[in-house]
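Chemist:
Number of protein chains: 2
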Amino acid sequence: MSSIQPIPRIQNDVNAELRLIALQMFAENGYAGTSLQQIADAAGYSKSSVLYHFRSKEALLEESLAPALSELGEFLDSVVARASSDELRAAFVEEFVDLLLEHRLAAHIIINQGQTLADIPAIDAARGYIDRIGESFMSELPTTKQRIRLGVALAGAAYVLVAARPSTAEIESVDEIREALIDVVSELITGLSA
Amino acid sequence: MSSIQPIPRIQNDVNAELRLIALQMFAENGYAGTSLQQIADAAGYSKSSVLYHFRSKEALLEESLAPALSELGEFLDSVVARASSDELRAAFVEEFVDLLLEHRLAAHIIINQGQTLADIPAIDAARGYIDRIGESFMSELPTTKQRIRLGVALAGAAYVLVAARPSTAEIESVDEIREALIDVVSELITGLSA
DNA sequence: CCCTAATCTGACCGATCGGTCAGCGCCTGC
DNA sequence: GCAGGCGCTGACCGATCGGTCAGATTAGGG
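The listed protein sequences derive, respectively, from chains A and B. Position one of the first sequence corresponds to residue 1 (full-length UniProt numbering), numbered consecutively onward. Position one of the second sequence corresponds to residue 1 (full-length UniProt numbering), numbered consecutively onward.
1. Does the CB of B/Ala-157 have a neighbour CB from chain A at under 8 Å?
2. Under 8 Å, Cβ to Cβ, is there at least one residue of chain A near B/Val-152?
3. Could you tell me which of A/Asp-98, A/Leu-36, A/Glu-58, A/Ile-120 sits nearest to A/Ser-48, measuring between CA atoms?
4. In angstroms with no decimal places, state the Cα-to-Cα distance between B/Ile-21 and B/Ser-64.
5. Closer than 8 Å by C-beta to B/Leu-18: which residues in its own chain qualify, once you throw out the five before and the five after it? Chain order, please.
6. Determine the DSSP secondary structure at A/Pro-121, reduced to helix, strand or coil.
7. If we define contact as Cβ-Cβ less than 8 Å, is B/Ala-163 a contact residue for chain A?
8. If you reduce the DSSP assignment to three classes, tell me which class B/Thr-116 lands in.
9. Which same chain residues end up closer than 8 Å to A/Val-97 when comparing Cβ atoms and leaving out the 5 residues on each side of it in sequence?
10. Could you give the C-beta distance for B/Leu-72 and B/Ala-126, rounded to a whole number, given that I count them as a contact under 8 Å?
11. With H, G and I counted as helix, E and B as strand and the rest as coil, what does DSSP make of A/Gly-151?
12. Which of the three DSSP states, helix, strand or coil, is assigned to B/Ile-12?
13. Taking the straight line between their C-alpha atoms, what separation do you get for A/Ala-163 and A/Ser-78?
14. Of the choices A/Val-93, A/Val-14, A/Ser-173, A/Thr-34, whose alpha-carbon is the least far from that of B/Lys-145?
15. In whole angstroms, give me the CA-to-CA distance for A/Arg-149 and A/Leu-99.
16. Mark A/Asn-112 as exposed unless 16 or more other C-beta atoms lie within 10 angstroms of its C-beta, in which case mark it buried.
17. Who are the neighbours of B/Gln-115 on chain A, taking C-beta pairs under 7 Å?
18. From the beta carbon of B/Ile-182, is the nearest beta carbon of chain A less than 8 Å away?
19. Can you give me, in chain order, the residues of the region 25-49 of chain B that have a beta carbon less than 7 Å from any beta carbon in chain A?
20. At a CB distance below 8 Å, what residues from the region 92-114 of chain B approach chain A? Give them in sequence order.
21. Determine whether the beta carbon atoms of A/Thr-116 and B/Gly-33 lie at a separation below 8 Å.
22. Against A/Val-174, what residues of chain B qualify as contacts under a CB-to-CB distance less than 7 Å, listed in chain order?
23. If we cut at 8 Å on Cβ distances, does A/Arg-82 have a partner in chain B?
24. Could you tell me the distance, in whole angstroms, from the CA atom of A/Ser-136 to the CA atom of A/Val-80?
25. Using the three-state DSSP reduction, which class does A/Thr-168 fall into: helix, strand or coil?
26. Reducing DSSP to helix, strand and coil, say where B/Arg-82 ends up.
27. Within the same chain, show all residues whose beta-carbon is closer than 7 Å to that of B/His-108, passing over the 5 residues directly before and after it, in chain order.
28. Rounded to the nearest angstrom, what separates residue 197 of chain A and A/Arg-89 at their Cα positions?
29. To the nearest angstrom, how far is it from the Cα of A/Gln-24 to the Cα of A/Thr-190?
30. DSSP state of B/Met-138, grouped into three classes?
31. Kindly list, in the order they appear in chain B, the residues whose Cβ is closer than 9 Å to that of A/Leu-188.
32. What does a CB cutoff of less than 8 Å around A/Asp-124 pick up in its chain, not counting 5 residues either side in sequence?
33. Consult DSSP for B/Thr-144 and reduce its assignment to one of helix, strand or coil.
34. Identify, in the order they occur along the chain, each residue of the same chain with its Cβ nearer than 7 Å to the Cβ of B/Leu-69, setting aside the five sequence neighbours on each side.
35. How is the alpha helix (DSSP H) around B/Ser-49 delimited, first residue to last?
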């Protein structure tokens, strides 16, 4: 306890707080549509303070996405490790949906704004991961139909995760959403090897 | 020819040109991420000239979306007119996918940026239309699973329509995409009445 | 207690934002 | 050939953008 921590400059509370707020606002209003001032106001700090913790707006985005990126990379490794045998597909889908649920905000940013933010390294890396995960599900060269099914599953899931319209408030449990998502995604994915 | 046109102040060429360019840029880089200067540069006009044709940036967006809005409204009418008998579902899906294909840029803006742009009347109207189209497919109160399937189908389709990654360039024909989309959307939609 | 370093802030920077306005050239109808 | 309007533009506006910097404030270990 009293000994120095292994890595002294660990992310502190303020840092994590800012990353969470930024992630929410980037997902809801878009990266371009969210200013550092708005983030600072929402967090109760000054804009200068935000820029003290993060070198730039882009760095704030990248560090906010980092945890999701890390887990996405691990998931990709586990996918390529186990060969894509048919009966393991269901387990993969379940893990993948859980990954989306855990990092729903990051997923929404990467998928919905990935096109716009293509020049940001973290975004580019994430898109590369996703591409390779998709490829691992496909035998040989993907057909148009396969790529469209995968795209619909991915983008559709990412959208649903954040859509949460004000009307018909989010009374429904996460479990219910999880179950429905696993159902629809696996239905879309299983059509890929055909 | 020499007689005055029925409605003198019809949309002229420049107007239509600007609307198309704006629609493309809004879809690709986001509404907040696209400046009037960028639109003007892309069109080869000055920013002042853009604002001469359109009262404001918001008006440019609304007028760019107008054709899609109009057709979407007509589609909604045709949906509620014919009762949603099961065997007509396929025809509905086909029409709907064609609508998405025809107005792919507008669809992408409405679905992917609808949350952010909720205070813009045209966007709000479009989201209302889509909600009502969705409701017309559902019997009684929609379950979570039903709403998720519909959300995945809509957002997934909208994403695929604009995704068109630079890699593996858009060699594939529109017909191929259309066929795949009709297939996957109808598969998702037909699960709604269950 | 005091010195240092971490944290936080307001003032300020140049650039760009959406938008206004006066005026330019050009075409057209009289 | 002249008057008038339309299309278009540069200059300019206040506000805000992301980012810098010097200094105030705070916290903590010796």
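Yeah, the Cβ is synthetic: ideal placement off N, Cα and C, and Gly gets one too.
Modeler: Judging by the given coordinates:
1. Mapped onto the second sequence, residue 157 of chain B falls at position 157. Taking Cβ atoms only, chain A reaches closer than 8 Å to B/Ala-157, which makes this a yes.
2. Position 152 of the second sequence, counted from the first residue, corresponds to residue 152 of chain B. Yes, B/Val-152 counts as interfacial toward chain A.
3. Position 48 of the first sequence, counted from the start, is the residue given in the question as residue 48 of chain A. Closest option to A/Ser-48, Cα to Cα, is A/Leu-36.
4. On the second sequence, position 21 is the one that residue 21 of chain B refers to. On the second sequence, position 64 is the one that residue 64 of chain B refers to. Cα to Cα, B/Ile-21 sits roughly 9 Å from B/Ser-64.
5. Translated into positions along the second sequence, residue 18 of chain B becomes position 18. For B/Leu-18, where only same-chain residues beyond five positions count, the Cβ hits under 8 Å are Ile-39, Ala-43, Tyr-45, Val-50, His-53, Phe-54, Leu-60.
6. Looking up residue 121 of chain A in the first sequence gives position 121. Looking at A/Pro-121 - three-state DSSP - the assignment turns out to be helix.
7. To locate residue 163 of chain B, count along the second sequence from 1; it is residue 163. Yes, B/Ala-163 lies at the interface with chain A (some Cβ there is under 8 Å from its Cβ).
8. The residue you call residue 116 of chain B lines up with position 116 of the second sequence. Coil at B/Thr-116, not helix or strand.
9. The sequence position of residue 97 of chain A within the first sequence is 97, counting from 1. Answer for A/Val-97: Ala-157, Arg-178, Leu-181, Ile-182, Val-185, listed in chain order.
10. What you label residue 72 of chain B is simply residue 72 of the second sequence in a count that begins at 1. What you label residue 126 of chain B is simply residue 126 of the second sequence in a count that begins at 1. Indeed, because the Cβ distance is near 6 Å, the residues count as touching under 8 Å.
11. By 1-based counting over the first sequence, the position of residue 151 of chain A is 151. It is helical.
12. Here the question's residue 12 of chain B lines up with position 12 in the second sequence. Before going further, note that residue 12 of chain B is Asn rather than Ile in the sequence given. Correct three-state label for B/Asn-12: coil.
13. For the purposes of this step, residue 163 of chain A is identified with residue 163 of the first sequence, where counting begins at 1. For the purposes of this step, residue 78 of chain A is identified with residue 78 of the first sequence, where counting begins at 1. Spanning the two alpha carbons is a distance of roughly 29 Å.
14. Taking the second sequence and counting its residues from 1, one reaches residue 145 of chain B at position 145. Of the candidates A/Val-93, A/Val-14, A/Ser-173, A/Thr-34, the one whose C-alpha sits nearest the C-alpha of B/Lys-145 is A/Ser-173.
15. On the first sequence, position 149 is the one that residue 149 of chain A refers to. On the first sequence, position 99 is the one that residue 99 of chain A refers to. Going by the C-alpha atoms only, they are around 19 Å apart.
16. Locating residue 112 of chain A in the first sequence gives position 112, where the first residue counts as 1. Counting Cβ neighbours within 10 Å, A/Asn-112 comes out buried, since at least 16 surround it.
17. Within the second sequence, the letter at position 115 stands for residue 115 of chain B. Neighbours of B/Gln-115 on chain A, chain order: Glu-28.
18. Along the second sequence, one-based indexing puts residue 182 of chain B at 182. Output row for B/Ile-182: interface = no.
19. Glu-28, Asn-29, Gly-30, Ala-32, Gly-33
20. Ile-111, Asn-112, Gln-113
21. For the purposes of this step, residue 116 of chain A is taken as the residue at position 116 of the first sequence. For the purposes of this step, residue 33 of chain B is taken as the residue at position 33 of the second sequence. It is a contact, given that the beta carbons lie within the stated cut-off.
22. Taking the first residue of the first sequence as 1, we reach residue 174 of chain A at position 174. Result: empty, since nearest Cβ-Cβ is about 11 Å, beyond 7 Å.
23. Looking up residue 82 of chain A in the first sequence gives position 82. So, not an interface residue.
24. By one-based count along the first sequence, residue 136 of chain A stands at place 136. By one-based count along the first sequence, residue 80 of chain A stands at place 80. When rounded, the distance between both Cα atoms is 7 Å.
25. Reading the first sequence from its first residue, position 168 is the one you call residue 168 of chain A. For A/Thr-168, the predicted model reports a pLDDT of 49, less than 50, meaning its position is unreliable; a value from the coordinates is still stated below. A/Thr-168: coil per DSSP, three-state reduction.
26. The residue given as residue 82 of chain B occupies position 82 in the second sequence. B/Arg-82 falls in the coil class under three-state DSSP.
27. Numbered from its first residue, the second sequence carries residue 108 of chain B at position 108. Ala-27, Ala-158, Leu-161, Val-162.
28. An answer regarding residue 197 of chain A cannot be provided, because it is not within the stretch 1 to 194 covered by chain A.
29. The residue labelled residue 24 of chain A in the question sits at position 24 within the first sequence. The residue labelled residue 190 of chain A in the question sits at position 190 within the first sequence. If you take the alpha carbons of A/Gln-24 and A/Thr-190, they lie about 32 Å apart.
30. Taking the second sequence and counting its residues from 1, one reaches residue 138 of chain B at position 138. DSSP places B/Met-138 in coil when its eight states are reduced to three.
31. Start at 1 with the first residue of the first sequence, and residue 188 of chain A comes out as number 188. The contacting residues are Val-152, Gly-156, Val-184, Glu-187, Leu-188.
32. Sequence index remark: in the first sequence, residue 124 of chain A carries index 124 (1-based). The residues are Ala-118.
33. Sequence index remark: in the second sequence, residue 144 of chain B carries index 144 (1-based). Helix, per DSSP.
34. Residue numbering aside, residue 69 of chain B sits at position 69 when the second sequence is read from its first letter. So the list reads Ala-122, Ala-125, Ala-126, once near-sequence residues are dropped.
35. In the second sequence, the residue the question calls residue 49 of chain B occupies position 49. Taken as a continuous stretch (DSSP letters only), the alpha helix (DSSP H) holding B/Ser-49 covers 47-53.
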